[in-house]
Ligand SMILES: *[C@@H]1O[C@H](CO)[C@@H](O)[C@H](O)[C@H]1NC(C)=O
Ligand SMILES: *[C@@H]1O[C@H](CO)[C@@H](O)[C@H](O)[C@H]1NC(C)=O
């Protein structure tokens, strides 16, 4: 018979172990670094700004060599996009994919912590969609040749417009147009243990549905449950959108495919409900929330990238110019705490 104090010490150790294992404290926050501005700081200054704000991860939309150089030995984890213009060539030409990986990944892989290569951003469905999976396969093979296929995962980033049904969340399913491309892509992701990257914008859902969605639901400030979907209760729109994509994945054999939120944000100017106060509220609440997971995946921290680092003055329409956490001067638009 075990003596009491042994049992309770074991129980306490177990309890501590559980507390340590609970992922609610995990912060998996990155920030997207878009460069569509003619007044942005040098990449080396930008990397220093990430470090000084304790931002641990970055998404880069193309393999900008100065940015990759600056990231060397920064300890910042990186999502690197394959830009749309390269998709056709990488899809049809294995040696072009090999060159792309050698020049943009292998050349930096001892210093830069590449996490995902994103083959195309929001190109499914559409006229470039057919290139995505073949390019993913060629990039995967090229990473394998470089011995990097286990540490760097290959994926693609989709907008939530790939959903044909998004409400209630458990009814989420891909539209038939998107499904044509996503069905084999989801199989590829599942067999490689890679996540699907999803750009999630409660802001645009709210703006386009102001009659039915209250802003509190979009800003994570509702005091209680807003949507009950069977056993799942939703207090914020972000979770409802992410879970609709999880439900859609489950319907096409992707139950084990995780979602990484590759963009989410709120504009501080230039559109409906686009104020500094709302942008700060959304982004700070997002940072504070994602460690908890969603009702469908409770406790599973969602790796999330805020869109975006800087206001970009060459984007259109105007609302798209104002998602930045920082002005090009590197002054904060509003204060945000990443830690
Ligand atoms: C394939 O890519 C290689 C390397 O970039 C290039 O030299 C070759 O011309 C390309 N082939 C075709 C058919 O485009
Ligand atoms: C959701 O799916 C269920 C089961 O297929 C169906 O009965 C229900 O009508 C759907 N709800 C909506 C709002 O479409």
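In mature numbering (1 follows the signal peptide of the UniProt record, and there is no 0), the protein residues as written are -28 to -1, 1 to 311. Ideal placement from N, C-alpha and C gives every residue a C-beta, glycine not left out. Keep in mind it's a predicted model, so treat the numbers as computed, not measured.
Return the CA-CA distance between residue i and residue j, expressed in angstroms with no decimal places.
| i | j | result |
| --- | --- | --- |
| residue 300 | residue 246 | 19 angstroms |
| residue 109 | residue 63 | 8 angstroms |
| residue 202 | residue 142 | 8 angstroms |
| residue 248 | residue 291 | 13 angstroms |
| residue 308 | residue 48 | 18 angstroms |
| residue 167 | residue 112 | 14 angstroms |
| residue 186 | residue 72 | 45 angstroms |
| residue 15 | residue 42 | 7 angstroms |
| residue 192 | residue 205 | 14 angstroms |
| residue 66 | residue 114 | 8 angstroms |
| residue 120 | residue 78 | 8 angstroms |
| residue 160 | residue 225 | 11 angstroms |
| residue 32 | residue 75 | 16 angstroms |
| residue 277 | residue 53 | 13 angstroms |
| residue 27 | residue 250 | 21 angstroms |
| residue 137 | residue 207 | 20 angstroms |
| residue 273 | residue 163 | 22 angstroms |
| residue 221 | residue 229 | 7 angstroms |
| residue 302 | residue 13 | 8 angstroms |
| residue 165 | residue 116 | 15 angstroms |
Quick one: what's got a C-beta closer than 7 angstroms to residue i's C-beta in the same chain, skipping five residues either side?
| i | result |
| --- | --- |
| residue 294 | 239, 240, 241, 242, 246 and 283 |
| residue 44 | 80, 83 and 84 |
| residue 25 | 310 |
| residue 369 | Look at the range of the chain in this structure, -28 to 311, and you will see that residue 369 is not part of it. |
| residue 374 | The question about residue 374 has no answer here: the residues shown for the chain are numbered -28 through 311. |
Use the C-beta contact count for residue i: other C-beta atoms within 10 angstroms, 16 or more gives buried, fewer gives exposed.
| i | result |
| --- | --- |
| residue 280 | buried |
| residue 125 | buried |
| residue 197 | exposed |
| residue 264 | buried |
| residue 275 | buried |
| residue 267 | buried |
| residue 35 | buried |
| residue 38 | exposed |
| residue 99 | exposed |
| residue 90 | buried |
| residue 253 | buried |
Leaving out five residues on either side along the sequence, give the residues of the same chain with a beta carbon under 8 angstroms from the beta carbon of residue i.
| i | result |
| --- | --- |
| residue 87 | 29, 49, 50, 51, 124 and 125 |
| residue 270 | 264 |
| residue 304 | 297 and 298 |
| residue 104 | 59, 63, 91, 92, 95, 96, 128, 153 and 157 |
For residue i, which residues from the same chain have a beta carbon less than 6 angstroms from its beta carbon, with the 5 sequence-adjacent residues on both sides left out?
| i | result |
| --- | --- |
| residue 188 | 194 |
| residue 101 | 95 and 153 |
Does residue i get closer than 8 angstroms to chain C when you measure Cβ to Cβ?
| i | result |
| --- | --- |
| residue 171 | The chain inventory of the structure shown lacks chain C, comprising one protein chain alone. |
* Looking at C-beta atoms only, is the number of pairs between the region 279 to 295 and the region 209 to 219 that lie closer than 8 angstroms three or more? -> no
* Asked: Mind pulling the beta strand (DSSP E) runs of 3 or more residues that sit fully within the region 44 to 107?
  -> 49 to 54 and 85 to 93
* Touch test, the region 178 to 185 against the region 124 to 142, Cβ-Cβ under 8 angstroms, three pairs minimum -> no
* Asked: Pairing CB atoms from the region 227 to 234 with CB atoms from the region 142 to 157, are three or more of them under 8 angstroms?
  -> no
* **Start-end ranges of the alpha helix (DSSP H) lying completely within the region 200 to 273, minimum 4 residues** => 209 to 222 and 248 to 261
* Within the region 168 to 199, ranges of the alpha helix (DSSP H) (whole runs, at least 4 residues) -> 174 to 180 and 187 to 190
* Asked: In chain order, what residues place their C-beta within less than 5 angstroms of a heavy atom belonging to ligand 4?
  -> Inclusion of ligand 4 in the displayed structure is not the case, the ligand content consisting of ligand 1 and ligand 2 alone.
* Could you tell me whether the region 3 to 19 touches the region 256 to 274, where touching means 3 or more Cβ pairs closer than 8 angstroms? => no
* **Stretch-stretch touch, CB-based, cutoff 8 angstroms, three pairs: the region 19 to 29 with the region 53 to 68** => no
* Secondary structure, beta strand (DSSP E): runs of 3+ residues fully inside the region 135 to 165 -> 135 to 137
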